Amino acid sequence: MSGSIVLFGPPGAGKGTQASRISSLTGKPQVSTGDMLRAAVASGSELGAEAKGYMEAGLLVPDEVIIGLISERLQEPDAVSGLLLDGYPRTIAQAEALAEVEEVSTVISIEVPDEAIVERIVGRRMDPETG
């Protein structure tokens, strides 16, 4: 299957779990914007440095930075048959930018009742030292 797969759903819906399964079945690399932002910051790239400034200020990283990171990721050799995009695009500008550079073959929306999401999120634990 050529083209990327887009996976949507609220926090706690199980996007990460389903993305791992879909990635295994399709061979498409799983990409989440959060992971990509952290990697860009760690690499010290120009876009990473720009993102870091927003993140440290507690601000949303602008569309232009996210779009730039996705565009760069789509140029990697393992993305030749597309990516599995977990939670991207989030805005109309991001969707329009994606449509200009990549064919989207499938869009999956995970819908979970609010009560179940609250239970899942409340049940999550975070190590204060490792996050």
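To convert, take the position in the sequence shown, counting from 1, and add 305; that gives our numbering.
All residues carry an ideal CB built from backbone N, CA and C; glycine is no exception.
Please read these numbers as outputs of a predicted model, since none were measured by experiment.
Three or more Cβ pairs closer than 8 Å define a contact, and the segment 331–346 meets that threshold against the segment 382–402.
Assignment of I415 by DSSP, reduced to helix, strand and coil, places it in the coil class. Scanning the segment 327–387 from its first residue to its last, the whole beta strand (DSSP E) runs of 3-plus residues come out as 335–337. Annotation for S309: the continuous beta strand (DSSP E) segment containing it runs S309 to F313. Contact annotation: L312 and D391 have beta-carbon atoms nearer than 8 Å. For the set G319, V370 and S325, the Cα lying nearest the Cα of I426 is the one of G319. Relative to the Cα of S309, the nearest Cα in the group I422, S414, V417 and E408 belongs to E408. Annotation: E434 to V346 spans about 19 Å, alpha carbon to alpha carbon.
Judged by their CB atoms, V406 and L374 are not nearer to each other than the 8 Å cut-off.
Pairing A402 with T396, the inter-Cα distance amounts to about 10 Å. Inter-segment contact for the segment 411–425 and the segment 360–370 is absent: fewer than three beta-carbon pairs are separated by less than 8 Å. By the 16-neighbour rule on beta-carbons within 10 angstroms, L365 is exposed. The beta-carbon distance between L389 and I327, rounded to whole angstroms, is 6 Å. This is short enough to meet the 8 Å contact definition.
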